[in-house]
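Read in order, the letters of the sequence shown are residues -15 to -1, 1 to 337 in mature numbering (1 follows the signal peptide of the UniProt record, and there is no 0).
Just so it is clear, CB atoms sit at the ideal spot from N, CA and C, and this is done for glycine as well.
Since the model is a prediction, treat every value here as computed from it, not as a measurement.
What follows is one structure encoded as structure tokens, with my remarks underneath.
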Amino acid sequence: MLPVLICALVSLSLADNFDTAYPELEHYRTIYVQENGPQLSVVTEQSKVVSRRGGNATLPCKFHRDASLPANPKLRIKWTKLTSDYLKEVDVFVAMGFHKRSYGRFHGRVYLQDSAPTDASLVITELTLEDYGRYKCEVIDGLEDGTGVVSLDLQGIVYPYFPRLGRYNLNFFDAERACREQDSVVASFDQLYEAWRGGLDWCNAGWLSDGSVQYPITTPREPCGGKNTVPGVRNYGLRDKEKNRYDVFCFTSNYKGRFYYLIHPSKLTYDEAVRACQKDGAQIAKVGQMYAAWKLLGYDRCDAGWLADGSVRYPITRPRRRCSPTEAAVRFNGYPDKKHKLYGVYCFKGHN
């Protein structure tokens, strides 16, 4: 206790001496310390850029430096792609002076627009389905840095998919492979939400790219969450990617090539359909290619035909009797017996 009393007396003595030495300072006066404002700022003029697969896109990004700063030859511009959970970033492009580098699947497809000394906009050429997402522009100038985020959206279509095995047979990795085999990728929540706003109604739950399982309902009904519920995208939340099994929502966009129904003198088994397309210099078409032709090009054909996954479908943009009387849709005839059932065939001839 005695040391504490001694410290208290010493503190009071020092305080008295300070007041005696500086009587002009008032006890209630507050002293503010002002730091310099940011000397570098990054601006993205658009929050979203829309393009389509095979096209080009410019992601806008400009930076402003304090005029009093000297030129910095080591100023660095870095573009990364954000993952769906924001925990990782994928390197896309880095530039510092004359040194420039692109990474991974972006190699050779990206460059800076360079329309002005302060322009850090990124141009992406030959867009792929995987390019969809959010990109971060970062400018590093010594100890100063700034960032901006731009979304790249693709025109396309979301469609539900399940394999020949039947419904609810895909874990997440199976779902990724299934979409890829149909010239598609697993859809994001934003893509599914836009599809729901456009009228997509599907009662079976499917994987999305973030590992969640959801499904869109425009007409509430008992088997789909209840008749008295409101329309919306039903969410099962994140699921175990290896153990849980559902359908999947795939996304596809524009393609380079020709999708067509093969005119043939007779109906075909599946193997005969594959050979018929090959004989015509093409390949049997994929489900994603049919959806893209239907949605983006208005392809309309009332003939049921084989597709690569062994399903039989046909695209209708003009509803009519005996084809699709109530709605425009890609009609699904199931997965018939490949050896004995006879149908036409849809082919796809790619353009390099």
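Alpha-carbon spacing of residue i relative to residue j, whole angstroms
i: T29; j: A42; result: 14 Å
i: V330; j: Y231; result: 28 Å
i: G217; j: W187; result: 11 Å
i: M275; j: Y200; result: 22 Å
i: L253; j: Y146; result: 24 Å
i: V113; j: F91; result: Residue 113 is actually Thr in this sequence, not Val. The straight-line gap from Cα to Cα measures roughly 10 Å.
i: R219; j: I202; result: 7 Å
i: G118; j: G242; result: 25 Å
i: R165; j: P304; result: 30 Å
i: C332; j: G196; result: 33 Å
i: Y144; j: S69; result: 20 Å
One or two residues paired with residue i in a DSSP bridge
i: E129; result: D126
i: residue 357; result: Residue 357 lies beyond the residue range present for the chain, which begins at -15 and ends at 337; the question has no answer from this structure.
i: R119; result: L67, S136
i: G191; result: Q199, D232
i: A293; result: Looking at the DSSP assignment, A293 forms no beta bridge with any residue, so it has no partner.
i: L223; result: S197
i: K47; result: V28, D104
i: Y246; result: Y331
Backbone secondary structure at residue i - three-state DSSP
i: D138; result: strand
i: V215; result: coil
i: P300; result: strand
i: D175; result: helix
i: N33; result: Before going on, a small fix: residue 33 reads as Lys here, not Asn. Three-state DSSP puts K33 in a strand.
i: D159; result: helix
i: H336; result: coil
i: F83; result: coil
i: F91; result: helix
i: G183; result: coil
i: E74; result: strand
i: L281; result: helix
Residues of its chain near residue i, where Cβ-Cβ distance is below 7 Å and the 5 sequence neighbours each way are ignored
i: A293; result: I269, A270, K271
i: L193; result: V171, A172, S173, F174, L177, Q199, F234
i: P273; result: Here residue 273 turns out to be Gly, not Pro, going by the sequence shown. Counting only Cβ-Cβ distances below 7 Å, and skipping sequence neighbours, we find Q167, D168, S169, C235, T237.
i: R286; result: Y246, Y299, P300
i: G127; result: N57
i: D116; result: I109, L137
i: A163; result: Y146, P148, L155, V233
Minimum C-alpha distance to residue i - residue among the options
i: F158; options: V233, G242, R149, A190; result: V233
i: E179; options: D285, A52, Q140, W291; result: Q140
i: K334; options: A267, F317, R286; result: A267
i: K228; options: S251, Y299, E312, Y153; result: Y153
i: T204; options: G196, G191, G183; result: G183
i: R50; options: G93, L60, L25, M81; result: L25
i: I142; options: V297, K73, G290, W279; result: W279
i: V134; options: E74, A289, D288, L282; result: E74
i: N189; options: K66, T110, C209; result: C209
i: T103; options: A52, C332, P148; result: A52
i: V27; options: F48, R38, G40, K33; result: F48
i: K326; options: Y284, G40, G290; result: G290
i: D288; options: T302, N156, S69, A277; result: T302
i: A314; options: G295, H336, Y284; result: Y284
i: L223; options: N239, G191, F244; result: G191
i: F244; options: K264, T214, D256, A277; result: A277
Sequence-distant residues of the same chain with beta carbon closer than 8 Å to residue i, five excluded per side
i: H249; result: A261, G329, V330
i: L107; result: T43, L44, C46, W64, V77, F78, V95, Y96, L97, Q98, Y120, C122
i: R307; result: C287
Residues of its chain near residue i, where Cβ-Cβ distance is below 6 Å and the 5 sequence neighbours each way are ignored
i: I62; result: A80, A105, V124
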